[in-house]
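Residue 52 in the working numbering sits at position 52 of the sequence shown; the count goes up by one each step and never skips.
Yeah, the Cβ is synthetic: ideal placement off N, Cα and C, and Gly gets one too.
Quick caveat: nothing in here was measured; it's all calculated off a predicted structure.
Following: one structure in structure tokens, then a few remarks.
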Amino acid sequence: MISHLHVARRRLLTTKQAARMLNVQEDVVAKWCELGLMTPFAAEDEMGRRFTEAEVHSLVARLRRNEVPALNS
Numbered sequence: 001m002i003s004h005l006h007v008a009r010r011r012l013l014t015t016k017q018a019a020r021m022l023n024v025q026e027d028v029v030a031k032w033c034e035l036g037l038m039t040p041f042a043a044e045d046e047m048g049r050r051f052t053e054a055e056v057h058s059l060v061a062r063l064r065r066n067e068v069p070a071l072n073s
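Set out below in structure tokens:
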């Protein structure tokens, strides 16, 4: 039996939703993708890149532990 948490974490998020969850701008999410810190779940579609909720939660945890390098503009 699949738990509700497991199902929820498989939900796909758009770049905009991921940015909102991470409390950053969408271009920061794009830069993190370029750097390999985030990996889109599937190929980009008309809605843009898609990320699993688990991917975003993982990055949130890494941000809290200061494991993500600062981006220089």
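Notebook entry, point to check: Just the Cα atoms here: how many angstroms apart are M1 and F41?
Noted result: Interpretation of M1 is limited by its pLDDT of 44, a score under 50 that renders its predicted location unreliable; no figure is taken from the coordinates.
Next item on the list: With T15 as the anchor, note down where its alpha helix (DSSP H) starts and where it stops.
Entry: Note, T15: alpha helix (DSSP H), T15 to L22.
Notebook entry, point to check: Is R49 buried or exposed, if buried means 16 or more other CB atoms sit within 10 Å of its CB?
Noted result: R49 comes out buried.
Next item on the list: Using only alpha-carbon positions, find the residue among N66, L59, A54 and E67 that is nearest to L12.
Entry: Ranked by how close their Cα comes to the Cα of L12, the residues N66, L59, A54 and E67 have A54 in first place.
Next item on the list: Out of L35, D27 and N23, state which residue places its alpha-carbon closest to the alpha-carbon of R64.
Entry: Minimum Cα distance to R64 is reached at N23.
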